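In what follows, a single structure is set out as structure tokens and then discussed.
Protein chains: 2
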Amino acid sequence: MGKKEKSSFQLKTPKGTKDWQGTDMVIRDGIFSKISEVFKRHGAVTIDTPVFELKEILAGKYGEDSKLIYDLADQGGELCSLRYDLTVPFARWLAMNSSVKHIKRYHIAKVYRRDQPAMTKGRMREFYQCDFDIAGEYDSMIPDAEILRITSEIFESLGWQGKYTIKINHRKILDGIFEVCGVPTDKLRTISSAVDKLDKSPWDEVRREMTEEKGLDPEVADKIGQYVNFKGARDLLTKLTEDTTLYGNASAKKGLDDMATLFDYLEVFGVLPNVSLDMSLARGLDYYTGVIYEVVTEGSAGDSTAKKPAKKDKKPADADEDRSSDPSVGVGSVAAGGRYDELVGMFSGKGQIPCVGISFGVDRIFSITKARMAKETELRPNEVDVYVMVLGSKGGLLKERMEVATLLWDAGIKTEFSWKVKPKAPPQWKAAENGGIPYAVILGDDEVRDGKVTLKKFGLPEGHPEKNGVLINRSDLLAELKKKLRALSEPELEEKVAELTVQDSS
Amino acid sequence: MGKKEKSSFQLKTPKGTKDWQGTDMVIRDGIFSKISEVFKRHGAVTIDTPVFELKEILAGKYGEDSKLIYDLADQGGELCSLRYDLTVPFARWLAMNSSVKHIKRYHIAKVYRRDQPAMTKGRMREFYQCDFDIAGEYDSMIPDAEILRITSEIFESLGWQGKYTIKINHRKILDGIFEVCGVPTDKLRTISSAVDKLDKSPWDEVRREMTEEKGLDPEVADKIGQYVNFKGARDLLTKLTEDTTLYGNASAKKGLDDMATLFDYLEVFGVLPNVSLDMSLARGLDYYTGVIYEVVTEGSAGDSTAKKPAKKDKKPADADEDRSSDPSVGVGSVAAGGRYDELVGMFSGKGQIPCVGISFGVDRIFSITKARMAKETELRPNEVDVYVMVLGSKGGLLKERMEVATLLWDAGIKTEFSWKVKPKAPPQWKAAENGGIPYAVILGDDEVRDGKVTLKKFGLPEGHPEKNGVLINRSDLLAELKKKLRALSEPELEEKVAELTVQDSS
């Protein structure tokens, strides 16, 4: 590298990428762990695939978007590309592991797209996806229903109660609608793509695209227009089923029957109040073959269309609660997916494995969750429970502090102490305060001489008898701390033990 | 892509990469979570950097090994490379975030090297590293000692008690030795590299490299030879300090004084029994400036040299226990690191931030852990607690099973049921058995009619009164299951509650 380039050296991360740090990392890890917990509750396993795949594995899977794929340089050997999503690597894995006939797998990992970054909208070139997929032959609509139950559990566990809507539709209903309206077979997919834009564009614009750009008969377009504005739940399903023209179409009939079964299952699973059957939902990707869905939240794209049916099941006061200040406006959907029964066959050439899955846009979920929690929650950067301090000793008592820390580490207690031989008091108080650490163990020359320590809980009100800590025997420290820390993390159970102990000793 | 290439399509992962799945994934996640737990116990936070960096960030950091860096294709815009390790991205982050003066951070992530893969030795092109680093000004050797304490906690928590040795040395002691032996200043680093090979090559070969390849005076080489075979602990430290020629050298004196302080701290931390001061340890990378260390385990490279001092602290029977069958032979060191006080300055140009860190070779640790555990442990692929079954009902009771599953999911209990409308008994038993699921909730027409369920624990011995399960009221199911599952996960505390409850009710 010449001198000239060296002087233009830029200290930054590549365009469209970022470092994750501090409390953002704490929030993100919290989201990941809540999501994983739900997946595990439903018996899922995780699979970790390489960050790059053979270039030919990705080829022909993403249509126009293929230009966004990152390639590795040709340094001799195989040509590889960074993964664009987690679905194609999963399909490749299924095709390679042909003995696997059934699997529920989740995968939380980074994917890569050479898109124009839009930081404010949360669109990055390196971002996290979180996929859950069920592969295998099962009875109709049962895994599909469980995916929506999982989706609902995830948003409930994130505290989004009443703030999200799962829009659903079925490729076969859409195809049926297009057929009965008179769309020529070779225009089915392109008309479907046009419909998919209805969450961002008004009908007039979509109609113009259909007729002017894509050459559809205006009369056919108007017929489609009547259907795609339908949104509802059971009522809409009944209405469509009673439409004898539509129900007379084999594809539509299959889709509507599936949907009736799905609604039955969603009702048992308690998910129905969050679901909106939406004829304008089409999903861009070609490979969907059955039910499709997309989750929108207040202020995210498509929310205005989703608002009406959602309102029925919410208290009215809820609806516009924090909309004005919600910075999530325009972040798009927060999760999307559907059934894709034919993708794996593109790799294996032989047997198909039917699949149904969903992908969570965790970076968007992160932005929204962070914005919603910022006001109330104070987050700790780490999880330290105890700060071991020295006060009132000229020598600094380093080894004694190390001994106490060792005692606590050995017991699995998260502990820090100042890495100074003779630390002053203020920086020690500050370190404990900055870390939001709940307890201090204080050593002084007197304490060491008498085999004692002072155990202090931070944040007690002025005048509390234990405000300045309690002097206890060093030999009791571990038991005392364990009791207090358990009470912090598991108040309920601890209460029960305490209550029973009291009864027992009385 | 032409037809010809398409026909040669290979269904595989790129060379040197692999999919992680099944129980391997369970073991690996277990290792990651144990390691993270130790880091958190010491107050560490985590930072997540992009998988690729600007090419110029990596340039000039890895010497000869730079040829192993993966570049991204030039598709317009910035030139980027996949990260080669986690240290350089961390140094880049520190230089970018100049307000951060102190941090303890860990990072578990994949790194990329276009090396010749050697699967049997666990050498891959995409592999995990796990780094822990402490940046900031502190009193001498305190963070260095805590890193070794953390290292020791990690291997203890992995169950490697008595099976690992932390070899340590100090760059300044080495430099002092080289100086007093008469190595010219311009040959210091290259002679250091030669010494670093002593864990794989005998002294004669290293001596030949020094004299014949690197033009060192044979007399000087022989003087070095006397020092670098020294291994020991406090005894060796005393011996070196009493060597007036060596201790008269300013660099060696600094290193030996540091080491004496470190040994004092390691003693308090209880780490000393696992440490071996080893004058042959030199570490390849140029950027180390102080203490350096490397962890070897039974059967890993360099173990023969580490065996002698380690034996002192172990029962003799322990030493060769599972050596012959240990497939970890030749996996090299399992962790390594040291102090690097000048690396961050390479980016910021201005202020230095002193750093000390360690990198764990988690893929190697995985292979060894797996080999050691395989014999005894039976691993479950997932964590499901309850399988909801139907027995003795022609209708299949799908909705009733869904209702029970929903009840359990709502309570956070990991639950599965058959995704068949009318499942037969054998595949249900098999699914529960394959998953190692501990409990079944069994529904039949009789149970449903009477508002009951049968709760069965798997694995009870023949003749046990509850072998076929216990019929309970459905309204008691949740409380009953919660009690049983808590007992599974927290036997101690549960015992206490049970015991107190018994006393209380008596």
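Those protein sequences? They're chains A and B, same order as listed. Letter by letter, the first sequence follows residues 5 to 510 of our numbering. Letter by letter, the second sequence follows residues 5 to 510 of our numbering. All C-beta atoms, glycine included, are put in the ideal place defined by N, C-alpha and C. A quick note: this is a predicted structure, and the numbers were derived from the prediction, not measured.
Just grab the DSSP bridge partners of residue i for me.
i: residue 364 of chain B; result: B/134 and B/339
i: residue 444 of chain B; result: B/391 and B/460
i: residue 280 of chain B; result: B/171
i: residue 296 of chain A; result: A/173 and A/342
i: residue 421 of chain B; result: B/392
DSSP three-state call for residue i: helix, strand or coil?
i: residue 301 of chain A; result: strand
i: residue 236 of chain B; result: strand
i: residue 344 of chain B; result: coil
i: residue 117 of chain B; result: coil
i: residue 268 of chain B; result: helix
i: residue 315 of chain B; result: Its pLDDT being 34, under 50, residue 315 of chain B is placed unreliably by the model, and the measurement read from it follows with that caveat. If DSSP states are grouped into helix, strand and coil, residue 315 of chain B belongs with the helices.
i: residue 475 of chain B; result: strand
i: residue 110 of chain A; result: strand
i: residue 23 of chain A; result: coil
i: residue 491 of chain A; result: helix
i: residue 139 of chain B; result: strand
i: residue 286 of chain B; result: coil
i: residue 122 of chain A; result: strand
i: residue 129 of chain B; result: coil
i: residue 244 of chain A; result: helix
Show which residues of chain D have a CB atom less than 8 Å away from the CB atom of residue i.
i: residue 79 of chain A; result: Looking at the structure shown, chain D is missing, and the protein chains on hand are A and B.
Task: Stretch-stretch touch, CB-based, cutoff 8 Å, three pairs: the segment 100-115 of chain A with the segment 51-62 of chain A - done: The segment 100-115 of chain A vs the segment 51-62 of chain A: in contact.
Task: contact_flag[the segment 130-141 of chain B, the segment 84-98 of chain A] where n(CB pairs < 8 Å) is 3 or more - done: no
Open item on the list: Please list, in chain order, the residues of the segment 87-100 of chain A that have any C-beta partner in chain B closer than 8 Å.
Closed with: 96, 97, 99 and 100
Open item on the list: Quick check for students: name the residue ranges of the beta strand (DSSP E) that lie wholly in the segment 34-89 of chain A, counting only runs of 3 or more.
Closed with: 56-58 and 84-86
Open item on the list: Quick check on the DSSP output: what are the complete alpha helix (DSSP H) runs of length 4 or more inside the segment 147-233 of chain A, in order along the chain?
Closed with: 175-185, 192-200, 207-212 and 222-232
Task: Short-range partners of chain A found in the segment 143-164 of chain B, where Cβ spacing is below 7 Å - done: Among the residues of the segment 143-164 of chain B, those with a Cβ less than 7 Å away from any Cβ of chain A are 143, 146, 147 and 157, in the order of the chain.
- [ ] Using a Cβ-Cβ cut-off of less than 9 Å, list which residues of the segment 30-51 of chain A approach chain B; keep chain order.
- [x] 30, 32, 33, 41, 42, 44, 45, 46, 47, 48, 49, 50 and 51
Open item on the list: What are the residues in the segment 368-402 of chain B lying within 8 Å of chain A by C-beta distance?
Closed with: 385, 386, 387, 388 and 402
Open item on the list: Taking beta-carbon pairs under 7 Å, can you tell me which members of the segment 242-275 of chain B lie near chain A?
Closed with: For the segment 242-275 of chain B, the residues whose beta carbon sits under 7 Å from a beta carbon of chain A are, in order, 269, 272, 273 and 274.
Open item on the list: Below 8 Å, how does it come out for the segment 150-164 of chain A and the segment 219-237 of chain A: are there three or more Cβ pairs, yes or no?
Closed with: Contact fails between the segment 150-164 of chain A and the segment 219-237 of chain A, because fewer than three Cβ pairs, one in each stretch, are under 8 Å apart.
Open item on the list: With a threshold of 8 Å, are at least 3 pairs of Cβ atoms found where one atom belongs to the segment 475-482 of chain B and the other to the segment 420-434 of chain B?
Closed with: Output reads no: the segment 420-434 of chain B does not touch the segment 475-482 of chain B.
- [ ] For the segment 104-117 of chain A, enumerate the residues whose C-beta is nearer than 7 Å to any C-beta of chain B, in chain order.
- [x] 114
- [ ] Name, going along the chain, the residues of the segment 11-27 of chain A whose beta-carbon falls closer than 8 Å to a beta-carbon of chain B.
- [x] 13, 14, 15, 16, 17, 18, 19, 21, 22, 23, 24, 25 and 26
Task: Contact list for the segment 436-469 of chain B against chain A, Cβ threshold 9 Å - done: 439 and 441
Open item on the list: Give me the subset of the segment 191-206 of chain A whose CB atoms are less than 9 Å from a CB atom of chain B, sorted by chain position.
Closed with: none
Task: Contact set between the segment 469-491 of chain B and chain A, restricted to residues whose Cβ is under 8 Å from the partner - done: none
Open item on the list: Does the contact criterion of 3 or more C-beta pairs under 8 Å hold for the segment 272-287 of chain A versus the segment 169-185 of chain A?
Closed with: yes
TODO: Check whether the segment 188-199 of chain B touches the segment 366-380 of chain B, counting contact only when three or more Cβ pairs, one atom from each stretch, lie closer than 8 Å.
DONE: No, they do not touch.
TODO: Evaluate contact between the segment 181-189 of chain B and the segment 218-227 of chain B, counting only Cβ atoms and requiring at least three cross-stretch pairs below 8 Å.
DONE: Counting Cβ pairs under 8 Å, three or more are found: they touch.
Open item on the list: Any C-beta of chain A within less than 8 Å: which residues of the segment 415-438 of chain B qualify?
Closed with: 416, 417, 418, 419, 420, 423, 424 and 425
Open item on the list: So, does the segment 376-396 of chain A touch the segment 407-419 of chain A, judging by three or more C-beta pairs under 8 Å?
Closed with: yes
- [ ] Give the residues from the segment 125-138 of chain A that approach chain B closer than 8 Å (Cβ to any Cβ), ordered along the chain.
- [x] Within the segment 125-138 of chain A, the residues whose Cβ lies closer than 8 Å to some Cβ of chain B are 130, listed in chain order.
TODO: Pair every Cβ in the segment 396-405 of chain B with every Cβ in the segment 424-442 of chain B, then say whether three or more of these pairs are closer than 8 Å.
DONE: yes
TODO: Inspect the CB distances between the segment 142-156 of chain A and the segment 209-222 of chain A and report whether three or more fall short of 8 Å.
DONE: Contact between the segment 142-156 of chain A and the segment 209-222 of chain A is absent: fewer than 3 CB-CB pairs across the two stretches fall below 8 Å.
TODO: Flag this pair as touching only if the segment 145-158 of chain B and the segment 253-273 of chain B have three or more C-beta atom pairs under 8 Å; answer yes or no.
DONE: yes
- [ ] Tell me, please, whether the segment 245-257 of chain A touches the segment 193-212 of chain A by the rule of three or more beta-carbon pairs shorter than 8 Å.
- [x] Short answer: they don't touch.
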